[in-house]
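Here the structure comes first, spelled out in structure tokens, and everything after it is commentary.
Protein chains: 2
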Amino acid sequence: MAEIGPNTRLRVSPFYDSTLAEGVTAFSPYNSMLMPVSYGDAPAEYDRLMNGVSMWDVGVQRQVEITGPDAARLVQTLSVRDLSACVVGQGKYVPMCDHRGVLINDPVVLKLAEDHFWLSIADNNILMWARAIAQERGMVATITEPDVSPLAIQGPKAEDLVASIFGDWVRDLKYFWFADAEIHGIPMKIARSGYSKQGGFELYLTDGSRGTGLWNIVREAGQPWGIGPGTPNPVERIESGLLSYGGDTDDLTNPFEVRLGRYVDLTLPDDVVGIKALRQIKAEGPKRHQLGIVLDDQPRQSGHAVWYDVLQNAEKVGSMTNGGWSPRKETVIGYGLVSTNLKIGDRVEVLRGGKLDAGTLTALPFY
Amino acid sequence: MAEIGPNTRLRVSPFYDSTLAEGVTAFSPYNSMLMPVSYGDAPAEYDRLMNGVSMWDVGVQRQVEITGPDAARLVQTLSVRDLSACVVGQGKYVPMCDHRGVLINDPVVLKLAEDHFWLSIADNNILMWARAIAQERGMVATITEPDVSPLAIQGPKAEDLVASIFGDWVRDLKYFWFADAEIHGIPMKIARSGYSKQGGFELYLTDGSRGTGLWNIVREAGQPWGIGPGTPNPVERIESGLLSYGGDTDDLTNPFEVRLGRYVDLTLPDDVVGIKALRQIKAEGPKRHQLGIVLDDQPRQSGHAVWYDVLQNAEKVGSMTNGGWSPRKETVIGYGLVSTNLKIGDRVEVLRGGKLDAGTLTALPFY
């Protein structure tokens, strides 16, 4: 480990000062910004998320804002999921692919108006990608990064907390839907969403100068529920079967390989980037698929930093992409991106730090 | 400051273990990898670069490899500099722009064969960009990230050191030219290049499994010249007038604003991405330009992490993009990206940490 701090190529979020005050201990870069990834007490952070409520600086989840007469057409061109039924106020989880059908992002697309969208993106330069496609096709759209920074509130007590601040109307928000809100003059959109399966909301702050103010309001209001800081949880998200674009995918991964096939509409027109390649991949059958891996009897340990080789009969059959010690499974679990020759129940070995650890392939999600 | 370490979205270079062994104290992300940015002794690192020889892990300087029948046409399409006179074995420093004429990278383009190029890139996803343009235009080219990781050897003693390892032929390499080499079976290309003005070479290692071996060979051979570890130097590069793409540029910066106009050939055909926009920008005259800033009598201090406002008569006239304490100027110097209404010799004020510091605009480079 070594130090990291902001620099002119590595921006901070509006919640940065608050995260320092809360005692953040580790960052990872994400969309050229600092993302908090630990506050130094993994069991407490997991417990808050599972049993109480946790607040996360996810300002790194940048928005690509697309407006103008061709905005809707451009967003569909970039999305391999059919968005024709998406209405204003609704969000959709959407795989985006390059011309090879390889996944380049999995944003939530928020429809703010018929000609106004946000792509709430994972870690990759989709701003530049969207501009390239729009310009090459002569589409009329304005594509920018607006001043929008999400603050996630996650956990079983999140709804009570958010309702206590903003009113009971938030209880009626459907999953991925969003609405305008304001508190003490701080403007935002509130969505029912977040990178966990424990329930919750994301407050899309739309004035970056008010980050500390919003953080403190949530922090204060959350005291009765024992709120504390957290981050996208490296173990809970695996237990819950959530994908990390770029963490669980490589430069060859298509959506079918990582359980996103149900979000791919192969009947979309040919001008959707990647759709022709995906039809061919589907016809030929994907070569890899994502399964769970449960290692035998592993003690509590840190998560891992590189993909590990997965072996069967001493031959490499895939990779363990991310994993960690699961409090619920009481051993190390993770994702296998493995040959479709392998199936649920198969025994495998994982090469970790020069040592082979035995485990079993399982269905996903774990919970 | 908080900790950073590798993760599955943040790769390490083949020299990572060596940099840990040398005592690296800080990293910055760059092209989704960890780039060493300090070994904890700034004066010694500066001194080695200025007076001796320094070795840098710049494996983050990824290559975008382009091959195939349309390779040359694609590389020119992406480059606003005329490459028609570039021959095999030669490299060229090349601004790349988006359709707005905004700088998106400034790689060295290495021509390995008539249909084989590397773009040795700064921090941005040019792999994805190049694929987008090629596919949208139906060009036949293969675009990949090969196993290539540069190790920079910089400083006035670099040539003697590199000649002692590889032979006196390296002394005949012209600036940005390169040639194949091998030592103890470790394959690489050697280029006369590097992100300093103190002279030196970059060893483009082409087998990532041999990073520690190559590091140790250079480290051992460099002992007579007092070699030690270093990083792209945050102060020497400013003294020398070198640009940091993404550090000194923003989402609106065109090449004319940051002294790259001499690398822009406006007579290139319209199909070069950005060239039409650049002709218009040139005709209208750029609104900003990059000048030096010398602050009055500043004590030794750390570099800075954000752009500072530059003021004249209490009005914002631009930004100080990067700066640091210069051992040669014995005060803080930096770059101003300021209105073209301002000129060399003007007095300005820089808002740093809530305080206005006076300074003078100067010509670049400082040395």
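Note that the protein sequences, when read in sequence, are chains L and H.
Residues 1 to 367 (our numbering) make up the first sequence, in order.
Residues 1001 to 1367 (our numbering) make up the second sequence, in order.
For each residue, glycine too, the CB sits at the ideal point set by N, CA and C.
Which chain H residues are close to residue i, counting only those with a beta carbon under 7 Å from its beta carbon?
i, result
"Ser-209 (chain L)", "Per Cβ cutoff of 7 Å: no residues; Ser-209 (chain L) is ~14 Å from chain H at best."
"Gly-292 (chain L)", "Simply none; closest approach about 17 Å."
"Glu-220 (chain L)", "Per Cβ cutoff of 7 Å: no residues; Glu-220 (chain L) is ~24 Å from chain H at best."
Going by beta carbon distance, what residues of the same chain come within less than 7 Å of residue i, once the five residues before and after it are set aside?
i, result
"Arg-300 (chain L)", "Trp-325"
"Thr-1095 (chain H)", "Thr is not the amino acid found at residue 1095 (chain H); the sequence shown has Pro there. If we look at Pro-1095 (chain H) and ignore the five residues flanking it on each side, its Cβ neighbours are Val-1080, Arg-1081, Leu-1103, Asp-1106, Pro-1255, Leu-1260, Tyr-1263, Val-1264."
"Asp-1180 (chain H)", "Lys-1189"
"Ala-71 (chain L)", "Asp-115, His-116, Phe-117, Ala-141"
"Ala-113 (chain L)", "Val-88"
"Pro-1006 (chain H)", "Val-1012, Leu-1034"
"Ile-344 (chain L)", "Leu-291, Leu-361, Thr-362, Ala-363"
"Ala-1122 (chain H)", "Asn-1105, Asp-1106, Pro-1107, Tyr-1245, Gly-1246"
Give me the Cβ distance between residue i and residue j, rounded to the nearest whole Å; I'm assuming they're in contact under 8 Å.
i, j, result
"Leu-34 (chain L)", "Val-64 (chain L)", "The Cβ separation is near 20 Å, so there is no contact."
"Glu-236 (chain L)", "Ser-196 (chain L)", "6 Å"
"Gly-1040 (chain H)", "Gly-1052 (chain H)", "Not really, about 18 Å apart at Cβ, beyond 8 Å."
"Gly-59 (chain L)", "Phe-178 (chain L)", "Not confirmed; about 17 Å, so no contact."
"Gln-198 (chain L)", "Met-50 (chain L)", "6 Å"
"Pro-232 (chain L)", "Trp-56 (chain L)", "6 Å"
"Asn-1125 (chain H)", "Asn-124 (chain L)", "6 Å"
"Gly-1228 (chain H)", "Gly-1155 (chain H)", "Incorrect: roughly 10 Å between the Cβ atoms, too far for contact."
"Ala-1026 (chain H)", "Ala-2 (chain L)", "5 Å"
"Val-273 (chain L)", "Leu-78 (chain L)", "6 Å"
"Leu-1351 (chain H)", "Arg-1288 (chain H)", "So it is not a contact: roughly 18 Å between Cβ atoms."
"Gly-318 (chain L)", "Ser-339 (chain L)", "6 Å"
"Ile-1143 (chain H)", "Ala-1152 (chain H)", "About 25 Å separates the two Cβ atoms, so there is no contact after all."
"Pro-1187 (chain H)", "Gln-1061 (chain H)", "About 18 Å; that fails the 8 Å criterion."
"Ile-1066 (chain H)", "Ala-1130 (chain H)", "7 Å"
For residue i, collect the residues of the same chain with a Cβ closer than 6 Å to its Cβ; drop the 5 residues on either side in sequence, then sort them by chain order.
i, result
"Ala-1358 (chain H)", "Asp-1296, Glu-1349"
"Lys-1316 (chain H)", "Asp-1309"
"Val-148 (chain L)", "Gln-63, Tyr-204, Thr-206"
"Ser-1018 (chain H)", "Thr-1212, Trp-1215"
"Leu-127 (chain L)", "Val-64, Glu-145"
Give me the residue from the options with the minimum Cα distance to residue i.
i, options, result
"Tyr-175 (chain L)", "L:Ala-191, L:Ala-163, L:Leu-161, L:Ile-186", "L:Ala-191"
"Gln-1223 (chain H)", "H:Leu-1243, H:Leu-1356, H:Ile-1165", "H:Ile-1165"
"Gln-76 (chain L)", "L:Ala-363, L:Gly-292, L:Asp-271", "L:Asp-271"
"Phe-1015 (chain H)", "H:Asp-1207, H:Arg-1288, H:Thr-1360, H:Ser-1244", "H:Asp-1207"
"Gly-101 (chain L)", "L:Lys-329, L:Thr-331, L:Asp-250", "L:Asp-250"
"Ser-240 (chain L)", "L:Ala-122, L:Leu-364, L:Ala-132, L:Trp-225", "L:Leu-364"
"Leu-243 (chain L)", "L:Tyr-93, L:Ile-153, L:Tyr-46, L:Ile-143", "L:Tyr-93"
"Leu-161 (chain L)", "L:Ser-149, L:Asp-47, L:Gln-298, L:Leu-203", "L:Leu-203"
"Ile-4 (chain L)", "H:Pro-1029, H:Leu-1151, H:Gly-1211", "H:Pro-1029"
"Val-87 (chain L)", "L:Arg-73, L:His-99, L:Leu-110", "L:Leu-110"
"Glu-1257 (chain H)", "H:Ile-1066, H:Pro-1286, H:Ile-1275", "H:Pro-1286"
"His-184 (chain L)", "L:Leu-10, L:Asp-168, L:Leu-268, L:Val-218", "L:Val-218"
Name, please, each residue of chain L whose Cβ falls closer than 9 Å to the Cβ of residue i.
i, result
"Trp-1056 (chain H)", "Per Cβ cutoff of 9 Å: no residues; Trp-1056 (chain H) is ~15 Å from chain L at best."
Run down chain L in chain order and give the residues with a C-beta less than 7 Å from the C-beta of residue i.
i, result
"Ala-1071 (chain H)", "None at all; the shortest Cβ gap to chain L is about 17 Å."
"Gln-1135 (chain H)", "His-99"
"Ile-1344 (chain H)", "Chain L residues near Ile-1344 (chain H): none, gap ~23 Å exceeds 7 Å."
I'd like the list of long-range same chain contacts for residue i, defined as Cβ closer than 8 Å, with 5 residues on each side in sequence excluded.
i, result
"Arg-279 (chain L)", "Leu-266"
"Gln-1312 (chain H)", "Leu-1342, Asp-1346, Arg-1347, Val-1348, Glu-1349"
"Arg-1328 (chain H)", "Glu-1239, Phe-1366, Tyr-1367"
"Tyr-335 (chain L)", "Ile-238, Asp-248, Gln-290, Leu-291, Gly-292, Ile-293, Met-320, Thr-321, Asn-322, Gly-323, Leu-364"
"Ser-1209 (chain H)", "Pro-1014"
"Gly-230 (chain L)", "Tyr-39, Glu-45, Arg-48, Leu-49, Ser-54, Met-55, Trp-56, Gln-154"
"Pro-69 (chain L)", "Asp-115, Val-140, Ala-141"
"Gln-1298 (chain H)", "Trp-1325, Thr-1331, Val-1332, Asp-1357"
"Arg-1171 (chain H)", "Glu-1159, Ala-1163"
In chain H, what lies closer than 9 Å to residue i by C-beta?
i, result
"Asp-357 (chain L)", "Those within 9 Å of Asp-357 (chain L) in chain H number zero; the least Cβ separation is about 18 Å."
"Trp-129 (chain L)", "Asn-1125, Met-1128, Trp-1129, Ala-1132"
"Ala-363 (chain L)", "Those within 9 Å of Ala-363 (chain L) in chain H number zero; the least Cβ separation is about 22 Å."
So which residues on chain L does residue i lean against when the C-beta distance must stay under 8 Å?
i, result
"Ala-1042 (chain H)", "Correct list: empty, because the minimum Cβ distance to chain L is about 14 Å."
"Gly-1065 (chain H)", "Looking at the sequence provided, one finds Glu at residue 1065 (chain H) rather than Gly. Result: empty, since nearest Cβ-Cβ is about 13 Å, beyond 8 Å."
"Ile-1183 (chain H)", "The premise fails here: Ile-1183 (chain H) is roughly 27 Å from chain L at the closest Cβ pair, so nothing lies under 8 Å."
Whose Cβ in chain H lies nearer than 8 Å to the Cβ of residue i?
i, result
"Ala-141 (chain L)", "Within 8 Å Cβ-Cβ: nothing; Ala-141 (chain L) doesn't reach chain H, min ~12 Å."
Following a CB-centred definition, is residue i positioned closer than 7 Å to any heavy atom of the ligand FAD?
i, result
"Asp-1265 (chain H)", "With respect to the ligand FAD, the structure offers nothing, as it holds no ligand at all."
Exercise for review: Compile a chain-ordered list of the residues in the stretch 92 to 121 of chain L whose CB is closer than 7 Å to at least one CB of chain H.
Suggested key: From the stretch 92 to 121 of chain L, only Asp-98, His-99, Ile-104 have a Cβ closer than 7 Å to chain H.
Practice item. Could you please tell me which residues of the stretch 1298 to 1325 of chain H, in chain order, have their CB closer than 7 Å to any CB of chain L? Key: Flagged, chain order: Ala-1305, Val-1306, Trp-1307, Thr-1321, Asn-1322.
Review point. Can you list, in chain order, the residues of the stretch 1006 to 1038 of chain H whose Cβ is nearer than 7 Å to any Cβ on chain L?
Key: From the stretch 1006 to 1038 of chain H, only Pro-1006, Asn-1007, Thr-1008, Arg-1009, Leu-1010, Val-1024, Thr-1025, Ala-1026, Phe-1027, Ser-1028, Pro-1029 have a Cβ closer than 7 Å to chain L.
**Study point:** Under 9 Å (Cβ pairs) to chain L, residues found in the stretch 1244 to 1269 of chain H
**Key:** Near chain L, meaning a CB-to-CB distance below 9 Å, the residues of the stretch 1244 to 1269 of chain H are Ser-1244, Tyr-1245, Gly-1246, Gly-1247, Asp-1248, Asp-1251.
Exercise for review: Below 9 Å between beta carbons is the criterion; list the residues of the stretch 1140 to 1162 of chain H that meet it against any residue of chain L, in chain order.
Suggested key: For the stretch 1140 to 1162 of chain H, the set of positions with a beta-carbon nearer than 9 Å to some beta-carbon of chain L reads Thr-1144, Glu-1145 in chain order.
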